[in-house]
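Each residue of the sequence shown is one higher than the last, beginning at 3 in our numbering. By construction, the Cβ of each residue, glycine as well, lies at the ideal position given by its N, Cα and C atoms. These figures come from a predicted structure and were not determined experimentally.
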Amino acid sequence: MARRAYEQLLATLRESPGAPAGILAVLVILYWASRDGGFDALVYLPSTLFLVGLVVVVALTAPGSLPGGRAGLVALVSLAGYTAWCFLTIFWADVQADAWSGANKTLAFLAVYALFALRPWQAVAGAAALGVYALGVAAIGLNELITIARAADPAQGFIVGRLAQPISYENANAALYIGAAIPAVFLASRRGTPLLLRAAFLAAAGVVVDLAVMCQSRTSLLAVPLVALGYLAVVPGRLRSILAMGLVGLVVALSANTLLDVYSAVISEAGAQQEAVDDALSVVLLGAAALLVAGLAWGLADRVVVVPERVLRLTRVAVVAAGVAVAAVGIGAFVERYGDPIDQSRVWWERFKTNEYLEEAETPHFVSGFGSGRYEIWRVAAHIFWRHPVAGIGVDNFAVDFLQERKNDQDPLYPHSLELRALQQTGIVGTGLLLAFFVGVGAAAWRVVRRADTASRAVAGTALALATYWLVHGSVDWLWEIPSLSAAAFAALGLAVGLSPESSGARARRAALVGAVVLAVATLVTVVPPWLSARATDSALRSWRADTELAYERLEHARDLNPLSAEPDVLGAVIASQRGDVARQRSYFLRSLERDPHNWYPHLELGAIEARRGNRRIALAWLAEAQRLNPRDSTIRYVVEKVREGDPPTQAEIDAVFLRRAELLTGTRQ
């Protein structure tokens with residue numbers, strides 16, 4: 003038996019030559035997920051070097067031609083062109099360091115996609131990659147919940163009552179968990195999945211959906227049904243998928259009240275957080291155990307029971323009838339509660355525009371209204387695109403314009419929409435390249451879904467469902483900027499193309515080889531300097547209390563390595579302020595503005611420094627520029643008022659204000 007398994011493994015690797023590198027890429031994505039989504043440069047930049055190295059290895063050593071035919075080639079070339087365009091936007095971006103960082107993330111996504119799309123995949127290898135991802139996310143999420151339950155203050159694992167682990171953004175966690183639930187449900191429902199793994203996948207699906215409920219993403223309430231319907235329309239074996247969904251849904255429904263009670267306990271700050279989190283952990287574990295048993299029973303039944311085709315047809319009719327009945331009941335309940343849907347839609351639209359929603363312990367976030375600040379964010383993003391329609395304003399350059407144009411007190415860094423991000427930051431040119439990529443992937447994947455064998459169609463459809471959820475949710479949220487989420491989506495898209503039976507021939511393979519070498523050289527040039535700079539900066543932050551002069555030297559080194567970033571100078575000024583070295587603090591802030599004159603924070607601090615030195619006129623000039631850059635900021639208003647009263651705030655008073663703001667943003671203060 004061992005010899006047979008070994009021979010099957012060799013056959014799989016021959017038919018899926020890129021699979022080993024693809025599995026390694028999945029492990030990198032899981033590592034990112036466990037490290038705050040890979041958002042930190044110290045996490046995603048070195049991993050990008052590794053991923054590009056894998057691309058070169060696959061291009062040089064793995065046999066086989068480029069899958070996907072012409073459509074696959076168009077997709078790969080278009081994504082490479084979009085990545086190059088992102089780097090070009092650095093030249094006209096206001097904050098060039100941010101554009102460089104955003105372009106490097108896009109480079110990482112290109113590498114992940116290429117790893118899955120450069121060489122053909124067989125269904126069993128693709129299913130294995132999806133399975134590793136699903137089980138990995140479930141393990142990460144369960145470990146996070148156990149860690150929170152054991153913590154001295156479990157509320158620290160939540161932001162305003164919503165689960166904020168492993169990614170410190172609740173909606174991103176919901177996307178992470180729901181994305182993993184899709185392949186988990188698929189693999190749990192397949193007769194060909196080994197018995198123990200079927201049970202494990204069903205239990206994993208229950209765990210990640212439970213965790214997603216604790217994140218309370220309102221977008222998921224719309225995105226999940228849409229993607230589920232698309233999944234059922236594309237993936238063969240609908241009854242099996244529906245049964246798996248039903249089992250998971252039943253367990254989650256029984257657990258929902260306990261899971262949602264955590265939100266109420268954290269919001270109310272009534273001291274019941276520990277008990278609520280412990281109860282939530284208990285129902286998650288009990289639900290997983292129940293699904294594990296159900297999965298084992300289902301798998302054993304599959305070995306001995308063969309359902310007649312007539313019964314299957316009747317069951318399909320019954321499922322459709324039940325779906326229609328549920329929809330009708332839902333519509334009736336909606337009308338009974340809210341009245342005329344058109345009138346209610348107008349009410350919700352006004353609440354959406356005015357950012358009106360509830361934040362009360364007795365009202366779960368799921369039903370807290372339609373306020374989110376999105377209307378104002380999208381309004382400003384649309385205006386930016388209107389002013390810069392062709393080339394955009396540069397990757398990840400949104401905050402500067404938003405702070406000047408906003409009509410509320412939000413200060414997002416990103417436009418909370420994949421589409422608006424592309425239009426506003428990369429213009430029509432970049433959006434066209436990105437659209438060409440999605441069209442190419444869609445055309446290649448559609449051929450798999452329509453023409454390939456059943457197993458390949460099922461795996462490709464599952465991968466497309468995972469990517470589609472990211473796209474739907476990301477259309478109203480900032481998911482692109484979180485490496486673990488976007489990389490998983492690009493990996494899924496690449497897998498869908500890699501399953502295509504069509505190929506582009508030897509010429510395309512040689513072109514891909516040349517492209518991989520160019521990619522490797524470009525990566526060394528664009529990834530290594532900011533990575534080493536980030537390392538030097540991190541070292542300075544960890545050592546400044548013990549050896550301040552050494553920290554300053556490391557920040558100087560970081561500054562030299564990244565010639566576009568003002569961060570080392572700003573951090574040097576912060577360290578100097580803590581040491582009471584006002585002259586050095588002022589010097590660092592002045593130098594930071596040479597690289598980023600659009601940052602309002604150095605203007606504020608320079609104004610406060612001049613005020614404390616008695617230079618009121620110069621101080622007000624600095625503060626006026628800070629207000630121009632960020633007119634609605636309350637901290638700037640506070641400092642201006644104190645300066646005009648002749649009582650400029652001390653550094654400690656300003657730091658205390660920023661500390662309170664940070665506590666609110668990170669959930670340290672609920």
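Look at the Cβ atom of C88, then the Cβ atom of L165, and state whether they are nearer than 8 Å.
-> As a first step, residue 88 is located in the sequence shown; it is residue number 86 there, counting from the start. As a first step, residue 165 is located in the sequence shown; it is residue number 163 there, counting from the start. Not a contact, by the Cβ cut-off of 8 Å.
Going by DSSP, which residues form a beta bridge with E165?
-> For this step, residue 165 is matched to residue 163 along the sequence shown. The displayed chain sequence assigns Leu, not Glu, to residue 165. F160, per the DSSP bridge assignment.
Say whether the segment 602-610 touches the segment 625-632, bearing in mind that this needs 3 or more beta-carbon pairs closer than 8 Å, one atom from each stretch.
-> yes
Go ahead and label V54 buried or exposed: buried means 16 or more other beta carbons lie within 10 angstroms of its beta carbon, across all protein chains shown.
-> In the sequence shown, counting from the first residue as 1, residue 54 sits at position 52. V54 should be labelled buried.
The segment 105-125 contacting the segment 477-490, beta-carbon criterion three pairs below 8 Å = yes
From the DSSP output, which residues share a beta bridge with P69?
-> Looking up residue 69 in the sequence shown gives position 67. Paired residues: S505.
According to the Cβ coordinates, are L415 and A401 closer than 8 Å?
-> Counting from 1 along the sequence shown, the entry for residue 415 is found at position 413. Counting from 1 along the sequence shown, the entry for residue 401 is found at position 399. Taking 8 Å as the Cβ cut-off, L415 and A401 qualify as a contacting pair.
Sequence-distant residues of the same chain with beta carbon closer than 7 Å to D280, five excluded per side = The count along the sequence shown starts at 1 and reaches residue 280 at position 278. Cβ within range, chain order: A151.
State the DSSP-derived secondary structure class of P122, mapped to helix, strand or coil.
-> Counted from its first residue, the sequence shown places residue 122 at position 120. Residue state, collapsed to three classes: coil.
So, A493 versus F118, is the Cβ gap smaller than 8 Å?
-> Along the sequence shown, one-based indexing puts residue 493 at 491. Along the sequence shown, one-based indexing puts residue 118 at 116. Yes; because the gap between Cβ atoms is below 8 Å, this pair is in contact.
Going by the CB atoms, is the gap between V97 and H418 shorter than 8 Å?
-> Locating residue 418 in the sequence shown gives position 416, where the first residue counts as 1. Locating residue 97 in the sequence shown gives position 95, where the first residue counts as 1. Taking 8 Å as the Cβ cut-off, H418 and V97 do not qualify as a contacting pair.
Helix, strand or coil for H559 per DSSP?
-> Position 557 of the sequence shown, counting from 1, holds the residue named residue 559. Helix at H559.
By DSSP, does H390 sit in helix, in strand, or in coil?
-> Taking the sequence shown and counting its residues from 1, one reaches residue 390 at position 388. Looking at H390 - three-state DSSP - the assignment turns out to be coil, as it is neither helix nor strand.
Distance, Cα to Cα, F591 vs Q427?
-> On the sequence shown, residue 591 is found 589 positions in, with the first residue counted as 1. On the sequence shown, residue 427 is found 425 positions in, with the first residue counted as 1. When rounded, the distance between both Cα atoms is 27 Å.
Which of helix, strand or coil does DSSP assign to E237?
-> Residue mapping note: residue 237 aligns to position 235 of the sequence shown, counting from 1. Just to set this straight, residue 237 is Val in the shown sequence, not Glu. Of the three classes helix, strand and coil, the one that applies to V237 here is coil, per DSSP.
Which of helix, strand or coil does DSSP assign to H605?
-> Translated into the one-based positions of the sequence shown, residue 605 becomes position 603. H605 falls in the helix class under three-state DSSP.
Taking buried to mean at least 16 other C-beta atoms within 10 Å of its own C-beta, is D2 buried or exposed?
-> In this structure the chain extends from 3 to 672, so residue 2 is not present and cannot be described.
From the DSSP output, in three-state form, read off Y8 for me.
-> Counting from 1 along the sequence shown, the entry for residue 8 is found at position 6. Residue confidence is low: Y8 scores 44 on pLDDT, short of 50, so the model does not pin down where it sits. Its coordinate-derived value is still stated next. Helix at Y8.
Verify whether the separation of the beta carbon atoms of G208 and V134 is less than 8 Å.
-> Looking up residue 208 in the sequence shown gives position 206. Looking up residue 134 in the sequence shown gives position 132. Taking 8 Å as the Cβ cut-off, G208 and V134 do not qualify as a contacting pair.
Alpha-carbon spacing of S506 relative to L78, whole angstroms | Indexing the sequence shown from 1 puts residue 506 at position 504. Indexing the sequence shown from 1 puts residue 78 at position 76. The alpha-carbon atoms of S506 and L78 are separated by roughly 12 Å.
Mind the definition here: the segment 226-234 touches the segment 465-477 only if three or more C-beta pairs lie below 8 Å; say whether that holds.
-> yes
Have a look at Y8 and A201 and give me their C-alpha separation to the nearest angstrom.
-> Here residue 8 refers to the residue found at position 6 when the sequence shown is read from its first residue. Here residue 201 refers to the residue found at position 199 when the sequence shown is read from its first residue. Because the pLDDT at Y8 is just 44, under 50, the model does not fix this residue reliably, and the value given afterwards should be weighed accordingly. Cα to Cα, the separation comes out at about 24 Å.
Backbone CA spacing between G396 and Y179 [nearest angstrom] = On the sequence shown, residue 396 is found 394 positions in, with the first residue counted as 1. On the sequence shown, residue 179 is found 177 positions in, with the first residue counted as 1. If I take the Cα positions, the gap works out to 31 Å.
With a 10 Å radius around its C-beta and 16 neighbouring C-beta atoms as the bar for buried, classify R452 as buried or exposed.
-> Within the sequence shown, the letter at position 450 stands for residue 452. Exposed, since its Cβ has fewer than 16 Cβ neighbours within 10 Å.
Which residue from I656, L189 and H390 puts its Cα closest to that of T433?
-> The count along the sequence shown starts at 1 and reaches residue 433 at position 431. Comparing Cα-Cα distances from T433 to each of I656, L189 and H390, the minimum goes to H390.
What separation, rounded to the nearest whole angstrom, lies between the Cα atoms of V641 and V659?
-> Taking the sequence shown and counting its residues from 1, the one referred to as residue 641 is at position 639. Taking the sequence shown and counting its residues from 1, the one referred to as residue 659 is at position 657. So the two alpha carbons sit approximately 10 Å from each other.
Residues near L661 by beta carbon distance below 8 Å, same chain, minus five either side = In the sequence shown, counting from the first residue as 1, residue 661 sits at position 659. For L661, where only same-chain residues beyond five positions count, there are no Cβ hits under 8 Å.
Skipping 5 residues on each side, what residues in its chain have a beta carbon closer than 6 Å to that of A498?
-> Along the sequence shown, read from residue 1 onward, the residue named residue 498 stands at position 496. Cβ neighbours of A498 beyond the five flanking positions: A447, A462, A465 and L466.
Just curious, the alpha helix (DSSP H) that V279 is in, first and last residue?
-> For this step, residue 279 is matched to residue 277 along the sequence shown. Unbroken alpha helix (DSSP H) run through V279: Q275 to V306.
Work out the CA separation of Y115 and S243 for me, nearest whole Å.
-> The sequence position of residue 243 within the sequence shown is 241, counting from 1. The sequence position of residue 115 within the sequence shown is 113, counting from 1. Distance between the alpha carbons of S243 and Y115: 27 Å.
How many angstroms separate the CA atom of V529 from the CA atom of P48?
-> Numbered from 1 along the sequence shown, position 527 holds the residue referred to as residue 529. Numbered from 1 along the sequence shown, position 46 holds the residue referred to as residue 48. Distance between the alpha carbons of V529 and P48 is about 8 Å.
Compare the Cα-Cα distances from I269 to each of L224, G159, M247 and G40 and report the closest residue.
-> As a working note, residue 269 is residue 267 in the sequence shown. If we check each option's Cα against that of I269, G159 comes out closest.
Taking all protein chains shown into account, do 16 or more other C-beta atoms lie within 10 angstroms of the C-beta of I386, making it buried, or fewer, making it exposed?
-> Residue numbering aside, residue 386 sits at position 384 when the sequence shown is read from its first letter. I386 should be labelled buried.
Run the CB neighbour count on K409, radius 10 Å, all protein chains shown included, and call it buried at 16 or more, exposed below.
-> On the sequence shown, position 407 is the one that residue 409 refers to. Classification of K409: exposed, given that the 10 Å Cβ count is below 16.
Could you tell me the distance, in whole angstroms, from the CA atom of S67 to the CA atom of R547?
-> For the purposes of this step, residue 67 is identified with residue 65 of the sequence shown, where counting begins at 1. For the purposes of this step, residue 547 is identified with residue 545 of the sequence shown, where counting begins at 1. Those two C-alpha atoms are separated by around 56 Å.
Through-space distance from E643 to V30, alpha-carbon basis = Your numbering for residue 30 matches position 28 in the sequence shown. Your numbering for residue 643 matches position 641 in the sequence shown. Straight-line Cα distance between these residues: approximately 50 Å.
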